[in-house]
Every structure is written in C-alpha cells, then in structure tokens.
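**Q** Each residue of the sequence shown is one higher than the last, beginning at -10 in the working numbering.
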Amino acid sequence: MRTQRFELLRPHEILHEKSIRPIVYLPVGPLEWHGPAMPIGTDPLIAEAVARQSASYTGGVVMPTLYVGTERERSASLLEAKGFDDTSQYIVGMDVPRNCIRSLYSKEDVFGMMIREFLNLLVKQGYLLIVIVNAHMATGQVNTLQRQAVEFSNETDSAVSVFSPNIPLDETDLDQGHGTIRETSMMMFLNPDSVDLKQFPDKPVRLKNTDWGIADSCTFALQPNEDKTIVYDPRDSEAQLGGFYIQRAVDSLVRQVESDWESITTSQHS
Ligand SMILES: [Zn+2]
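Quick look at the structure:
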C-alpha cells in the first residue's frame, strides 16, 4: 500500500484495500488544554499515531482524525480533591479558571451525534470492522463510544470496537493522568517540538492542580496527595519512555484488531 490514510487514497486503491481487509480505524479526541507545556491536540494526536502504526501491521485504512470530544461539569468532590476552595463553581473538564484559553469541548449529545454520523458513513462504505481509537478518557466520552459500539455491532453488519492507548503497566501504575508523565513523554516521542517543559517553573516548586489544569489519576480517583500537587510530574518526562508507551499501545491494538477480525471471519463461515 502506498498509504493507508483514507484522505490520500484514490477510489480504486480504497476498493482494493477493502477487498483484502475491510477494516477502518477512526482516531477521535478533543482539542483540549493539557497544561501550558503540551499541544492542544495531545489526545487525538496520540490516538492517530497509534491507529496509523497499528494499521501498518493489520491492514485496513485510517480515517482523518476526528478532532471532537466531550467533557462535563466537575463534581464538588473532584474539585475538592483538586484543591479548590470553592467547590460549587462551574468548571468543565480541564478548563480551570487560570487557563489562558478554553478547550474545544462539544456537548455530550452533539458529540454522540457526530460519532453516530461517522459510524453510519463507515457502515455504508462497507467496512466490517470499525475501530475507534480514543485517548480522551472523560466518562461521557468513553460511555458514548462504548454505547454506540454495542448498538452498531448488534444493529448493523459491521462490528465496532473501541480502543484506548492509555494502558496501565500493572495495578500499581497510577500514571493515567492528564498532562502528567505518561502523556507528556508520549508527545515528546511523537512530536518533540510540540512540548516545552520550560513553561513550568523550575523544581523544587511543586505543581498545584488548581494552577496548571493538569491532574494525576489518583486525584481523579479522589485520592490526591496532601498538598494537592502533581505526583507524576511532567518535568520528569522522557521521549524514550513515551516511545515505550506508544509501542506498547500499538502492540495491544494490533492484538485486539486481529482477535476482532478473527471473530468476524469465524462467524461468517459458521
Ligand atoms: Zn490527554
């Protein structure tokens, strides 16, 4: 294949690839604040890189990345865990008041309709396996994708699966945060120019959740550290570690797609 990017393919190339394996990847994620040191497209860019690399092993095509995603208002208990004094304030997603720009979040119902429309279009194109790759782990985002994946898999001739590149190393791995070491390392690996850690103060100043719009997974689990600062400090990030995480996600996605594809071909022949 010359390329697996759908937007760069000619009609007969699309038909040829589909005749070999009717698989399509759909990377999805919002343009979202990830702290001052990280690009606004962090989640969709990670999803895109993992989808493209996986497709090079499994075959199939990769749709242009859908830069959409959703977030909701934060609960009082999460605002408290993050260290806000006023836990009644209206804060959506990672958009803490001190951020200099707002994220481009879609409302949950609008996001659902956009995903539904794209899934419909891909079903009509005749893809038997549609793989949504999503690195934005907001509850509303994940639930919407999973709900529609189940629905489409049962109500159409296509199977839809959802994959997240944020795979914990083991049960003790708590670096699943937002703009913390893992994501920052992955972006340093994928696009070194896009990360500028000098946007943070030098150590030993600790980074407060309320100041930077980033957060650890322990904070999301309502178990922050005592001074409500970042544990998995993005200033400790390394490109090499990011490369390890990306490769691990690609390997896992390839396994998932091969297994899904085998189920589809087995059910066709039985
Ligand atoms: Zn992210």
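Ideal placement from N, C-alpha and C gives every residue a C-beta, glycine not left out.
Owing to the predicted nature of the structure, the values given are computational and were not obtained by experimental measurement.
Would you please state the rounded distance, in angstroms, between the beta carbons of residue 19 and residue 93? I believe it to be under 8 Å.
**A** Working through the sequence shown from its first residue, we reach residue 19 at position 30. Working through the sequence shown from its first residue, we reach residue 93 at position 104. About 6 Å separates the CB atoms of residue 19 and residue 93; that is less than 8 Å, so the two are in contact.
**Q** Which residues does DSSP pair with residue 197 in a beta bridge?
**A** Within the sequence shown, numbered from 1, the residue matching residue 197 stands at position 208. Its beta-bridge partners are 218.
**Q** Fully enclosed by the region 141 to 191, which beta strand (DSSP E) runs are 3 residues long or longer?
**A** 148 to 152
**Q** Please confirm whether residue 154 and residue 124 have their CB atoms less than 9 Å apart.
**A** For the purposes of this step, residue 154 is taken as the residue at position 165 of the sequence shown. For the purposes of this step, residue 124 is taken as the residue at position 135 of the sequence shown. Yes, the pair counts as a contact, with Cβ atoms nearer than the cut-off.
**Q** What do you reckon, is the C-beta of residue 59 under 8 Å from a heavy atom of ligand 1?
**A** Here the question's residue 59 lines up with position 70 in the sequence shown. Incorrect: residue 59 has no Cβ contact closer than 8 Å to ligand 1.
**Q** For my contact list, residue 262 and residue 179 are in at a C-beta cut-off of 8 Å; report their separation, rounded to the angstrom.
**A** As shown, the chain starts at -10 and ends at 259. That puts residue 262 outside it, with no answer to give.
**Q** What do you reckon, are the CB atoms on residue 69 and residue 81 nearer than 9 Å?
**A** Position 80 of the sequence shown, counted from the start, is the residue given in the question as residue 69. Position 92 of the sequence shown, counted from the start, is the residue given in the question as residue 81. No, these two residues do not count as a Cβ contact at 9 Å.
**Q** What do you reckon, is the C-beta of residue 168 under 8 Å from a heavy atom of ligand 1?
**A** If you number the sequence shown from 1, residue 168 lands on position 179. True, at least one ligand heavy atom lies under 8 Å from that Cβ.
**Q** Once DSSP output is grouped into helix, strand and coil, what is the label at residue 59?
**A** By one-based count along the sequence shown, residue 59 stands at place 70. In the structure shown, residue 59 sits in a strand (DSSP, three-state: E or B).
**Q** Report the partner residues of residue 287 according to the DSSP bridge assignment.
**A** Summary: the structure shown does not reach residue 287, with the chain confined to residues -10 through 259, and so no result is reported for it.
**Q** In this structure, what does DSSP give as the bridge partners for residue 204?
**A** As a position in the sequence shown, residue 204 is number 215, starting the count at 1. Answer by DSSP bridge pairing, in chain order: 167.
**Q** So which of 109, 168, 136 and 91 has the shortest CA-CA distance to residue 223?
**A** Indexing the sequence shown from 1 puts residue 223 at position 234. Looking at the Cα atoms, 168 is the closest of the given residues.
**Q** State the Cα-Cα distance for the pair residue 117 and residue -9, rounded to the nearest angstrom.
**A** Residue mapping note: residue 117 aligns to position 128 of the sequence shown, counting from 1. Residue mapping note: residue -9 aligns to position 2 of the sequence shown, counting from 1. One C-alpha to the other measures close to 22 Å.
**Q** With DSSP as the reference, label residue 132 as helix, strand or coil.
**A** On the sequence shown, position 143 is the one that residue 132 refers to. Three-state DSSP puts residue 132 in a helix.
**Q** Can you give me the start and stop residues for the beta strand (DSSP E) that residue 121 sits inside?
**A** Your numbering for residue 121 matches position 132 in the sequence shown. Per DSSP, residue 121 belongs to the beta strand (DSSP E) from 118 to 123.
**Q** Which residue comes first and which comes last in the beta strand (DSSP E) that contains residue 16?
**A** Locating residue 16 in the sequence shown gives position 27, counting from the first residue. Its beta strand (DSSP E) spans residues 12 to 17.
**Q** At a cut-off of 8 Å, is residue 37 close to ligand 1 when judged by its beta-carbon and the heavy atoms of the ligand?
**A** Here the question's residue 37 lines up with position 48 in the sequence shown. Answer for residue 37: no, Cβ out of range of ligand 1.
**Q** Cβ of residue 128 versus every heavy atom of ligand 1: is any distance shorter than 8 Å?
**A** Position 139 of the sequence shown, counting from 1, holds the residue named residue 128. Not so, every heavy atom of ligand 1 lies at least 8 Å from the Cβ.
**Q** Quick test of your reading: residue 83 and residue 21, contact by CB under 8 Å. State the CB separation rounded to the nearest angstrom.
**A** Residue numbering aside, residue 83 sits at position 94 when the sequence shown is read from its first letter. Residue numbering aside, residue 21 sits at position 32 when the sequence shown is read from its first letter. Right, the Cβ-Cβ distance comes to about 6 Å (below 8 Å), so this counts as a contact.
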